[in-house]
Amino acid sequence: MTQNKKTPILIILITGVIIALGAGAVGIFYTKQAIQTAPQQTDIIGGGFQLLSPSGNVVSTGSFRGRWMLMYFGASRCLNDQCSQNLNKMGKIMELLGKKSTKVIPIFISFDSQYDTPDRLMLYMKHFNNKIIALTGGDLAIRDISILYHVPLKTVQATEKTKLIEPFQQFILMDPTGKYNQSINTDETAEQIADALSSLIQ
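Numbered according to our numbering, the sequence shown spans residues 40 to 241.
What follows is the structure, given as structure tokens:
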């Protein structure tokens, strides 16, 4: 009888130790993440990243190897709604490319890590061409990609409680090997950009 009473107590104690060790491991992981050193600024544009898609999947640069990456940086809440305009332009570019569009991945990276959760991004992106891949991440991931791709992270105080992201005024084009090719001003027309891309794509 005494043995039977001791067994549940022993199980509870062992379970408690396992939970404590697990919590410690998680704590160490997040502490390491929090003090992660930022990448150094260099003359090279580009680099590896791991971000979240609207469906909550982790997406890395390796996912896009073999295709051109047309990248745009902004947020769903964007100064003067420039991001929506440029996302519509990206969609138009893909249409104009026709069959060559299969060799291009249009990527929208949100710099509003606090507001643009995967769920919010999913709702926002329903307004645009479904070929555009939207990505976001935590503060550290956004900081790193800002440094690696030479895209300044700027905000504008819209109201007392709301900050808007100031979008980058260029599309960044990376080649199929992941190397930087060129930057394209967002004020160029969809036709001009599609023509430039078409001449590059084999």
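Backbone N, C-alpha and C fix where the C-beta goes; we use that ideal spot for every residue, glycine too.
No experiment lies behind these values; they were computed from the predicted model shown.
Per DSSP, the bridge partner or partners of residue 205: Looking up residue 205 in the sequence shown gives position 166. Beta-bridge pairing links residue 205 to 193.
Report the residue from 155, 189, 164 whose alpha carbon sits nearest the alpha carbon of residue 82. Locating residue 82 in the sequence shown gives position 43, counting from the first residue. Nearest option by C-alpha distance: 189.
Taking the alpha carbon of residue 171 as the reference point, which residue from 234, 120, 126 has its own alpha carbon closest? Working through the sequence shown from its first residue, we reach residue 171 at position 132. It is 126.
Can you tell me whether residue 100 is helix, strand or coil according to DSSP? Numbered from its first residue, the sequence shown carries residue 100 at position 61. The answer is helix: DSSP assigns residue 100 an H, G or I state.
Would you identify the three-state DSSP class for residue 132, choosing helix, strand or coil? Taking the sequence shown and counting its residues from 1, the one referred to as residue 132 is at position 93. Three-state result, residue 132: helix.
Roughly how many whole angstroms lie between the Cα atoms of residue 69 and residue 152? The residue labelled residue 69 in the question sits at position 30 within the sequence shown. The residue labelled residue 152 in the question sits at position 113 within the sequence shown. Because the pLDDT of residue 69 is 30, which lies under 50, any placement of that residue in the model is unreliable, and the number read from its coordinates should be weighed accordingly. Each residue's alpha carbon lies about 17 Å from the other.
Identify whether residue 156 lies in helix, strand or coil by the three-state DSSP scheme. The residue labelled residue 156 in the question sits at position 117 within the sequence shown. It is coil, neither helix nor strand.
Roughly how far, in whole angstroms, is the beta-carbon of residue 147 from the beta-carbon of residue 111, given that I think they are within contact range, below 8 Å? Residue 147 sits at position 108 when you count from the first residue of the sequence shown. Residue 111 sits at position 72 when you count from the first residue of the sequence shown. Indeed, because the Cβ distance is near 5 Å, the residues count as touching under 8 Å.
Kindly indicate which three-state DSSP category residue 169 falls into: helix, strand or coil? In the sequence shown, the residue the question calls residue 169 occupies position 130. Reduced to three states, the DSSP call for residue 169 is coil.
Just to confirm before moving on: does the CB-CB distance between residue 220 and residue 214 stay below 9 Å? Working through the sequence shown from its first residue, we reach residue 220 at position 181. Working through the sequence shown from its first residue, we reach residue 214 at position 175. It is a contact, given that the beta carbons lie within the stated cut-off.
Straight-line Cα distance separating residue 217 from residue 173: Translated into the one-based positions of the sequence shown, residue 173 becomes position 134. Translated into the one-based positions of the sequence shown, residue 217 becomes position 178. Cα-Cα distance, rounded: 18 Å.
Reduced DSSP secondary structure (H/G/I, E/B, other) of residue 185: By 1-based counting over the sequence shown, the position of residue 185 is 146. Correct three-state label for residue 185: helix.
Leaving aside the five residues before and after residue 167 along the sequence, list all residues of the same chain whose C-beta is less than 6 Å from its C-beta, in chain order. Against the sequence shown, residue 167 aligns to sequence position 128. The answer, listed in chain order, is 126, 130.
Starting from residue 236, follow the alpha helix (DSSP H) in both directions and report where the run begins and ends. The residue you call residue 236 lines up with position 197 of the sequence shown. Element bounds for residue 236: 229-239.
Straight-line gap, residue 91 to residue 224 (C-alpha atoms, nearest Å): Position 52 of the sequence shown, counting from 1, holds the residue named residue 91. Position 185 of the sequence shown, counting from 1, holds the residue named residue 224. Between residue 91 and residue 224, the C-alpha separation is close to 26 Å.
Taking all protein chains shown into account, do 16 or more other C-beta atoms lie within 10 angstroms of the C-beta of residue 141, making it buried, or fewer, making it exposed? Stepping through the sequence shown from its first residue, residue 141 is reached at position 102. Exposed is the call here.
What whole-angstrom Cβ distance do residue 94 and residue 145 have, given they're in contact under 8 Å? Position 55 of the sequence shown holds residue 94. Position 106 of the sequence shown holds residue 145. That belief does not hold up - the Cβ atoms of residue 94 and residue 145 are roughly 17 Å apart, past 8 Å.
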